[in-house]
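Notes follow once the structure below has been shown.
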Amino acid sequence: MKIRHMNSLPAPAARDALRRDGGGLVESAASASDIDIRRVLLAAKRRRWLIVAVTVSVTGLSYGIGTMMTPRFKAETSLVLTIKDSSSGSSTIGGLSGGISSRDTPQVSSAIDVLTSPDTVRRVVKRLDLVRDPEWNAALRPPGIAAKLRGMLPFGSKSGTATAAEQTAITEQAVRQRLSVTNDGKSYTIVVSFTSVDPAKAAAVANAIAETYAAKDLNGRSAELDHMSELLLQRSEGLRARVIATETAVQDFKEKNNIVDLSDKSLVDDSLAKLNTELVSAQTERAKAQGMLANLKAFARKQDSEAAAKVAAVSTSLATLVDQRNQIRANLAELGTTYSAKYPKLQEMKSRSHEVDVQLEREIQQQMAGLQARVDIARANEAAIRHSVAGLTTTNRANARASTELQQLVADAGTARSLYQTFLDAAGRAAIESFALIGNARIEAPATAPAFPASPRMSIVLLIGGISGFLIAIASAIALEASRKEVYTPEEVYDDLGHTALALLPYFARAKSWDNHAARVMSIEAIENPLGEHAEALRSVGVALSTSPGLRSPKVLMVTSALPGEGKTSLAVSLARLAAASGRSTLLVECDLRRPAVNHALGVVAPAGLTDVLEGRRSLQEATYEDAVSGMQVIPSGGRVNFPAELLGSEAMRSLVSASRDRFDLVILDTPPVGIVADALVLSGFVDAAIVVARWGKTPRRAIRMALDRLHFSGARVAGVVLSQVRMKQLAQYGSAYHRSAGVEGYFETARPSALAAGAARIG
């Protein structure tokens, strides 16, 4: 955590600076809001007995509720389905297939639907006569308290006797609610589960459901096979007559058309096939010659590079002439850019170009004539072949018509024979299955009466109760920690109040009270044990004040608190005595004119005090006394006054403080609680710094914040906060970095008994 002294800042600037996310003043809001796991664990440790008590209580309550619940027993029956494979006709027995295929999933789902159907439940209810059982028929149970109360109300429903149909419907609905049918999706095993308060009833109903389904399946398949056999026999007779008629028609047609065997091809068919092949070749040759002729004509018209590329395949000599012409033209273009038209070499090149053009034109005409002859020959050959094909086609048409008609008759005969054979096979299988009929479902593992209830399961009840109790306990602990309003650590002082914790004053078990006797004991302890823990805590206050850049070693300090009993007087007396014992000239002024405590802490019995000086009855020297223990100077409160705030804020008090500043190295003012009265606020303009004392784990943060705000708005420079009565060992439970850990005690001396601690210090 980044810490910077805020003492030099006025109140509004200090509070705004604490909210800024920069300048090294505070950590970022994100890091401040992060959950500190260590602090959470420490909070749980502090509230461990609450967590244990709530967890045990909720667990015990859950156990009690579990023992009061009616136990229910769950019986299970296993059914194994035998699925017919429609493609092969074989059967797949559950448990041997290695898993349900996608095509069998609807069959398994249908079986589950039948098991849970109203018809199956109705048959079981009738078979076991469950309508007479009050567990299922609510109409047979005595009316409950709620029903009796509804009947007593004038607008309540009057319960009458249910009819037989209504009782049956009530029973079937109750049975359906307790029934569960499941499949794991990996096998053909279906588990039928039923729950009842009686284990024997649970097993009986589960078995009855499975047996009813198996019986329904067997009866349905038997009726289906009987009906199928009858249909197959009727259909077989008609197919037999059709087979005889079709085969007779085939034989008669063969005899009429003198057809012996249809497997050998005729000579006409072979000749026709060859002519068709030759016709295709002639057409291909004609198309090829026409294409080449078209490319050559295109080149003769345009003579561009694209047409020249297409005629390269027509003639090698033609392609060579084209290349020569292109080369000569390129040379002419190159020479024309350099020389004039009368240049001899240019004239020679033009003559050569004319000769090549003449040769190219002559070659084109020759190639076109040759290609035209090829096209004419191909057309003549194609026409001759077409004529031959037409003659053979006319001859073969009559034979094809007879062959087609015969093939149709043979196909009809084959179809009729195949259908007849199929029906004969199906009728045979149906007859065999009817003699050895087995169901598609068998009971693999009948249900038995369960020995232990399925609910409530005490182990689960205790587990849920324990987890719930622990969560409730954690929530309670978090709520208590969130509602904690007191300050326990220096980090909380800085984070929540915006000030530095100047010191942690340890708790003194020897102190009977914190303001009077504790001030005496603590101040003497600091003097007699300068290396002790209390002296070091006081010394840290002085170091913080002297090193603060905003205060620069203040000489006049005001010690106050938010509420009474915080330990401000003990701090003021201890600081003053320790400073005086170290050789500094120190003055302690009792400014609490309402309830003075310095007088009692030091045992001061003096005729004059501060009020006498301020009202002009005594001089400052007459009201100042020396402490015999430390040598410090003390100004007691003096007599009581009616207007203490006005007296402390007077010009006489300002002059007294100013004179004391010049005379002493350190001036400490013990003032009233700033959260109760305004006396301390009027002194804020006279002092260099103010110290606020808060009691560790007791003073509410709101009270400390209000006191700090009042001091800031009055113009006081607050040096910081001192936490008093700190129990160092318990401080570790709050995750503070300032708690006493192993090895720390070696830096402090053990307190020695003091004779002066037993009585009051005498002041001369």
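Numbering-wise, the sequence shown is residues 523 to 1286 according to the working numbering.
The beta carbon of each residue, even a glycine, is placed where N, CA and C say it ideally should be.
As the structure is a prediction and not an experimental result, all values here were calculated from the model.
Inset, instruction - Report the three-state DSSP secondary structure of residue 888 (helix, strand or coil). - result: Here the question's residue 888 lines up with position 366 in the sequence shown. Assigned with DSSP and collapsed to three states, residue 888 falls in helix.
Inset, instruction - Per DSSP, which residues does residue 1244 bridge with? Please list them. - result: For the purposes of this step, residue 1244 is taken as residue 722 along the sequence shown, with counting starting at 1. Residue pairing of residue 1244 in beta bridges, as defined by DSSP: 1025 and 1215.
Inset, instruction - Please specify which runs of the alpha helix (DSSP H), each continuous and at least 4 residues long, are wholly inside the segment 1093 to 1141, giving them in chain order. - result: Counting only runs of 4 or more, we get 1120 to 1124 and 1132 to 1136.
Legend entry - Pair within 8 angstroms by beta-carbon distance, residue 597 and residue 971: Within the sequence shown, numbered from 1, the residue matching residue 597 stands at position 75. Within the sequence shown, numbered from 1, the residue matching residue 971 stands at position 449. Residue 597 is a Cβ neighbour of residue 971, given a cutoff of 8 angstroms.
Inset, instruction - Specify whether the segment 1236 to 1245 and the segment 1201 to 1216 touch according to this definition: at least 3 beta carbon pairs, one from each stretch, less than 8 angstroms apart. - result: Three or more Cβ pairs closer than 8 angstroms define a contact, and the segment 1236 to 1245 meets that threshold against the segment 1201 to 1216.
Legend entry - Identity of the residue in 876, 1135, 759 and 793 nearest residue 945 by Cα: Numbered from 1 along the sequence shown, position 423 holds the residue referred to as residue 945. Shortest Cα-Cα distance from residue 945 to any of 876, 1135, 759 and 793 involves 759.
Legend entry - Backbone CA spacing between residue 1163 and residue 1209 [nearest angstrom]: Translated into the one-based positions of the sequence shown, residue 1163 becomes position 641. Translated into the one-based positions of the sequence shown, residue 1209 becomes position 687. Those two C-alpha atoms are separated by around 22 angstroms.
Inset, instruction - State the Cα-Cα distance for the pair residue 1291 and residue 685, rounded to the nearest angstrom. - result: Given a span of 523 to 1286 for the chain in the structure shown, any question on residue 1291 remains unanswerable.
Legend entry - Residue nearest to residue 1016 in terms of C-alpha spacing, selected from 932, 1230 and 869: For the purposes of this step, residue 1016 is taken as the residue at position 494 of the sequence shown. From the listed residues 932, 1230 and 869, the smallest Cα separation to residue 1016 is found for 1230.
Inset, instruction - Compare the beta carbon distance of residue 717 and residue 967 with 8 angstroms and say whether it is the shorter of the two. - result: For this step, residue 717 is matched to residue 195 along the sequence shown. For this step, residue 967 is matched to residue 445 along the sequence shown. Contact: no.
Inset, instruction - Flag this pair as touching only if the segment 1115 to 1123 and the segment 1144 to 1151 have three or more C-beta atom pairs under 8 angstroms; answer yes or no. - result: Verdict: no, contact absent.
Legend entry - Residue range of the beta strand (DSSP E) that includes residue 1198: Within the sequence shown, numbered from 1, the residue matching residue 1198 stands at position 676. Element bounds for residue 1198: n/a, residue is neither H nor E.
Legend entry - Neighbour-count burial assignment, residue 693, 16 or more Cβ in a 10 Å radius: For this step, residue 693 is matched to residue 171 along the sequence shown. Buried, because 16 or more other Cβ atoms sit within 10 Å of the Cβ of residue 693.
Inset, instruction - Check residue 992 in the structure and name its three-state DSSP category. - result: Numbered from its first residue, the sequence shown carries residue 992 at position 470. Helix at residue 992.
Inset, instruction - Express the C-alpha separation of residue 1204 and residue 1036 in angstroms, rounding to a whole number. - result: Taking the sequence shown and counting its residues from 1, one reaches residue 1036 at position 514. Taking the sequence shown and counting its residues from 1, one reaches residue 1204 at position 682. Per-residue confidence for residue 1036 stands at a pLDDT of 46, beneath the threshold of 50, marking its modelled position as unreliable; the derived number appears in the next sentence. Each residue's alpha carbon lies about 26 angstroms from the other.
Legend entry - Rounded straight-line distance, which links the Cα of residue 629 to that of residue 738: Locating residue 738 in the sequence shown gives position 216, where the first residue counts as 1. Locating residue 629 in the sequence shown gives position 107, where the first residue counts as 1. Each residue's alpha carbon lies about 15 angstroms from the other.
Inset, instruction - With DSSP as the reference, please indicate the residues paired to residue 1192 in a beta bridge. - result: For the purposes of this step, residue 1192 is taken as residue 670 along the sequence shown, with counting starting at 1. Paired residue(s): 1081 and 1112.
Legend entry - Span separating the alpha-carbon of residue 936 from that of residue 645: Translated into the one-based positions of the sequence shown, residue 936 becomes position 414. Translated into the one-based positions of the sequence shown, residue 645 becomes position 123. Just so you know, the alpha carbons of residue 936 and residue 645 end up roughly 51 angstroms apart.
Legend entry - Rounded separation between residue 1019 and residue 1160 - CA only: One-based indexing of the sequence shown puts residue 1019 at position 497. One-based indexing of the sequence shown puts residue 1160 at position 638. When the Cα atoms are used, residue 1019 and residue 1160 turn out to be separated by approximately 35 angstroms.
Inset, instruction - Keeping to the same chain, check which residues put their C-beta closer than 8 angstroms to that of residue 868; ignore five residues upstream and five downstream. - result: Your numbering for residue 868 matches position 346 in the sequence shown. So the qualifying residues of the chain are 854, 857, 858, 861 and 862.
Inset, instruction - For residue 688, I'd like the list of residues in its chain whose CB is within less than 8 angstroms of its CB, leaving aside the five on either flank, ordered along the chain. - result: Residue 688 sits at position 166 when you count from the first residue of the sequence shown. Excluding positions up to five away in sequence, the list reads 661.
Inset, instruction - Look up residue 879 in the DSSP assignment and say whether it is helix, strand or coil. - result: Sequence index remark: in the sequence shown, residue 879 carries index 357 (1-based). Under the three-state reduction of DSSP, residue 879 is assigned to helix.
Legend entry - CB of residue 1200 within 8 angstroms of CB of residue 1167, strictly: For the purposes of this step, residue 1200 is taken as the residue at position 678 of the sequence shown. For the purposes of this step, residue 1167 is taken as the residue at position 645 of the sequence shown. Closer than 8 angstroms, so yes.
Legend entry - Exposure label - residue 886; buried when at least 16 CB within 10 Å: In the sequence shown, residue 886 corresponds to position 364, counting from 1. If you draw a 10 Å sphere on the C-beta of residue 886, you find 16 or more other C-beta atoms in it, and that means buried.
Inset, instruction - With residue 705 as the anchor, note down where its beta strand (DSSP E) starts and where it stops. - result: Along the sequence shown, read from residue 1 onward, the residue named residue 705 stands at position 183. Residues 701 to 705.
Legend entry - Residue burial classification, residue 741 (beta-carbon count within 10 angstroms, cutoff 16): For the purposes of this step, residue 741 is taken as residue 219 along the sequence shown, with counting starting at 1. It counts as exposed.
Inset, instruction - Measure the CB-CB distance between residue 1092 and residue 981 and report whether it falls below 8 angstroms. - result: On the sequence shown, residue 1092 is found 570 positions in, with the first residue counted as 1. On the sequence shown, residue 981 is found 459 positions in, with the first residue counted as 1. No; because the gap between Cβ atoms is not below 8 angstroms, this pair is not in contact.
Inset, instruction - Select from 1012, 1009, 1056 and 1014 the residue whose C-alpha is nearest the C-alpha of residue 1029. - result: Here residue 1029 refers to the residue found at position 507 when the sequence shown is read from its first residue. Looking at the Cα atoms, 1056 is the closest of the given residues.
Inset, instruction - Starting from residue 964, follow its DSSP beta bridges and name the residues at the other end. - result: What you label residue 964 is simply residue 442 of the sequence shown in a count that begins at 1. Beta-bridge analysis with DSSP links residue 964 to 602.
Inset, instruction - Going by CA-CA distance only, name the one from 817, 874, 933 and 872 that's closest to residue 893. - result: Counting from 1 along the sequence shown, the entry for residue 893 is found at position 371. Closest by alpha carbon: 817.
Legend entry - Rounded separation between residue 1134 and residue 1181 - CA only: Working through the sequence shown from its first residue, we reach residue 1134 at position 612. Working through the sequence shown from its first residue, we reach residue 1181 at position 659. Rounded to the nearest angstrom, the two C-alpha atoms are 16 angstroms apart.
Inset, instruction - Classify residue 735 as helix, strand or coil using the three-state DSSP reduction. - result: Sequence index remark: in the sequence shown, residue 735 carries index 213 (1-based). Residue 735 carries a helical assignment under DSSP once its states are collapsed to helix, strand and coil.
Inset, instruction - Measure from the alpha carbon of residue 795 to the alpha carbon of each residue in 907, 634 and 588, then state which is nearest. - result: As a working mapping, residue 795 is identified with position 273 in the sequence shown. Residue 795 has its Cα closest to that of 907, out of 907, 634 and 588.
Inset, instruction - Spatial neighbours of residue 643 within its chain, please: CB distance less than 6 angstroms, with the 5 preceding and 5 following residues excluded, ordered by chain position. - result: Here residue 643 refers to the residue found at position 121 when the sequence shown is read from its first residue. 694, 697 and 698, listed in sequence order.
Legend entry - residue 1109 vs residue 1094 beta-carbon contact at 8 angstroms: Within the sequence shown, residue 1109 is the residue found at index 587, counting from 1. Within the sequence shown, residue 1094 is the residue found at index 572, counting from 1. With contacts defined by Cβ atoms closer than 8 angstroms, residue 1109 and residue 1094 do not form a contacting pair.
Legend entry - DSSP-derived helix/strand/coil call for residue 655: Position 133 of the sequence shown, counting from 1, holds the residue named residue 655. Annotated three-state conformation of residue 655 is coil, per DSSP.
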